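Undergrad:
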Ligand code: SF4
Ligand code: SF4
């Protein structure tokens, strides 16, 4: 078998060829494990056409490898309408699936195939115009929000300083400093109260997630290499971040891009859970609320962090967690990831609307999550659907309130 011209698709050829077109990624109801439907894009696209869910996309990738179809803008417009949420991966029998107790293999990584497809399309000039603008700006100014690089630390309270070196490094990301700075303000308030020694760097650049998901691998590599240099300078043993997108990228992609990357990466919920267990964080004040918890895809399905946020919630006195019907591996994506919110906002809001409705069904007054993308999109959808009965909260809101600081 001769190799095709597609270097990124060749890297995942075995996965593409492993798809046996069963269609479980099209529709699969498995109420016993909380699985109702699979692909949020398919369910929100008029016509529910084959190319918008995993099986169709894999057939298109196969078509490219076999030279049966050519890259095109039409193809890009389809392939980029996907959050890379991984729901198809957790249902697929060609992926390891502990939920279904059917571990045939640990083989197919669907988001990896989507990213390879995107990289091939972008390399040949077929991208989403909005993504191209964002990535051009990101290359020049190191953030995707059309903000000045030097404003990244504007949120830092007056008089607050950070040591040059510390055991922990706070990776800010871009969404929080430029769009939801209160999350970072709360992060440092909690850590200062817990006596954690940490630093950060004003020289931090975008983690590279946006570039990877939007198919620009060379830019992602540039950003990753820069960040590794500033992380090394801090001498940190552990990096932590609140942003689930940065977390997945630092935890999974950095090592793949730079095999020498050797710093432990933690999500803020892991760190807070450790601090609760060691007694450095005391959750003492009752919070008399009924909440439900939304698993961010990049935190949950991509890395497997489901329990730490729930343990934190369980540690808060009087707080009542009522789960939605789709949780953990079977969670329904918020609709924001994979570049969908920036380029296909209406689709992102429709998908988030599904999740808001599901949260309302629990009777909870609050949907709590641990990712700035989920928070923004769920809030936007709640506003669009004129929902007044459900507030979107960050898990840090609950921690701060219960610490009473
Ligand atoms: S569930 Fe897996 S094997 Fe079945 S069609 Fe989808 S990707 Fe292919
Ligand atoms: S990653 Fe999510 S949005 Fe993309 S095809 Fe799979 S289930 Fe659909």
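Residue numbers (this note's numbering): 6 to 410. From the three backbone atoms N, C-alpha and C, an ideal C-beta is built for every residue, glycine too. Since the model is a prediction, treat every value here as computed from it, not as a measurement.
Can you give the Cα-Cα distance for residue 108 and residue 35, rounded to whole angstroms?
TA: Caution applies to residue 108, whose pLDDT of 46 falls short of 50 and renders its modelled position unreliable; the model cannot decide the point.
Undergrad: What residue range does the alpha helix (DSSP H) around residue 255 cover?
TA: It is not in any alpha helix (DSSP H) - residue 255 carries neither H nor E in the DSSP assignment.
Undergrad: Buried or exposed, going by whether 16 or more other CB atoms sit within 10 Å of the CB of residue 77?
TA: exposed
Undergrad: Looking only at C-alpha atoms, which of 245, 58, 386, 119 sits nearest to residue 33?
TA: 58
Undergrad: Using a Cβ-based criterion (distance less than 7 Å to any ligand heavy atom), does residue 336 qualify as near ligand 2?
TA: Taken from the Cβ of residue 336, every heavy atom of ligand 2 lies 7 Å or farther away.
Undergrad: Taking all protein chains shown into account, decide if residue 206 is buried (16 or more other Cβ within 10 angstroms of its Cβ) or exposed.
TA: buried
Undergrad: Less than 8 Å between the C-beta atoms of residue 85 and residue 340, yes or no?
TA: Judged by their CB atoms, residue 85 and residue 340 are not nearer to each other than the 8 Å cut-off.
Undergrad: If you measure between the beta carbons of residue 342 and residue 302, is that distance less than 8 Å?
TA: Yes, the pair counts as a contact, with Cβ atoms nearer than the cut-off.
Undergrad: Report yes if the CB atom of residue 20 is closer than 8 Å to the CB atom of residue 112, and no otherwise.
TA: yes
Undergrad: Can you check the stretch 305-365 for any beta strand (DSSP E) of at least 3 residues that lies completely inside it and give the ranges in chain order?
TA: none
Undergrad: Ligand 1 and residue 24: does the residue's C-beta get closer than 7 Å to at least one heavy atom of that ligand?
TA: Yes, ligand 1 has a heavy atom inside 7 Å of this Cβ.
Undergrad: How far does the beta strand (DSSP E) with residue 399 in it reach, from first residue to last?
TA: 396-399
Undergrad: What does the alpha-carbon distance come out to for the pair residue 151 and residue 315?
TA: 35 Å
Undergrad: For a test of your reading of the model: does the CB of residue 28 fall under 7 Å from any non-hydrogen atom of ligand 1? Yes or no.
TA: Closer than 7 Å to some heavy atom of ligand 1: that describes the Cβ of residue 28.
Undergrad: Count the other C-beta atoms from every protein chain shown that fall within 10 angstroms of the C-beta of residue 283, then say buried if there are 16 or more, exposed otherwise.
TA: exposed
Undergrad: Should residue 136 be listed as close to ligand 4, given that the test is whether its C-beta is under 7 Å from any heavy atom?
TA: The model depicted lacks ligand 4 and carries ligand 1 and ligand 2 instead.
Undergrad: Is residue 98 near ligand 1 - that is, is its Cβ less than 7 Å away from at least one heavy atom of it?
TA: yes
Undergrad: Counting beta carbon pairs with one atom in the stretch 356-370 and one in the stretch 152-170, are three or more of them shorter than 8 Å?
TA: no
Undergrad: Using C-beta distances below 8 Å, list every residue in its chain close to residue 372, excluding the 5 sequence neighbours before and after it, in chain order.
TA: Once the five neighbours on either side are set aside, the close Cβ partners of residue 372 are 296, 297, 298, 299, 360, 361, 364, 383, 395, 396, 397, 398.
Undergrad: Chain C beta carbons: is any one of them nearer than 8 Å to that of residue 395?
TA: Absent from the structure is chain C; it holds one protein chain and no more.
Undergrad: Looking at residue 14 and residue 122, is the spacing between their C-beta atoms short of 8 Å?
TA: Their beta carbons are under 8 Å apart, which means residue 122 touches residue 14 by this criterion.
Undergrad: Just to confirm the assignment, what range does the alpha helix (DSSP H) spanning residue 174 have?
TA: Where residue 174 is concerned, there is no enclosing alpha helix (DSSP H), although the beta strand (DSSP E) it sits in stretches over 173-175.
Undergrad: Report the CB separation of residue 317 from residue 281 in whole angstroms; it is logged as a contact under 8 Å.
TA: 7 Å
Undergrad: Determine the DSSP secondary structure at residue 274, reduced to helix, strand or coil.
TA: helix
Undergrad: Return yes when the Cβ of residue 92 is within less than 8 Å of the Cβ of residue 417, no when it is not.
TA: Missing from the structure shown is residue 417; the chain here goes from 6 to 410 and no further.
Undergrad: Looking only at DSSP bridge pairs, what is residue 166 linked to?
TA: None; residue 166 has no bridge partner.
Undergrad: Please look up how many angstroms separate the CB atoms of residue 367 and residue 329, rounded, as I've assumed it's under 8 Å.
TA: 6 Å
Undergrad: How should residue 166 be labelled, buried or exposed, when 16 other C-beta atoms within 10 angstroms of its C-beta is the threshold for buried?
TA: exposed
Undergrad: Output the residue ranges of the beta strand (DSSP E) runs that lie fully inside the stretch 174-252 and measure 3 residues or longer, sorted by chain position.
TA: 243-246
Undergrad: Would you decide whether residue 110 is buried or exposed? Buried here means 16 or more other CB atoms lie within 10 Å of its CB.
TA: A caution first: residue 110 carries a pLDDT of 48, below 50, which makes its placement in the model too unreliable to give a value.
Undergrad: Below 8 Å on the Cβ atoms is my guess for residue 263 versus residue 238; work out the distance and round it to an integer in Å.
TA: That pair is no contact at about 15 Å.
Undergrad: Return the first residue and the last residue of the beta strand (DSSP E) that residue 50 is part of.
TA: Premise fails: residue 50 is in no beta strand (DSSP E) and is neither H nor E.
Undergrad: Among the candidates 291, 311, 220, 293, whose CA atom is the shortest distance from the CA of residue 140?
TA: 220
Undergrad: Alpha carbon to alpha carbon, how far is residue 179 from residue 97?
TA: Cα to Cα, the separation comes out at about 33 Å.
Undergrad: Using the C-alpha atoms, what's the distance from residue 62 back to residue 119?
TA: 8 Å
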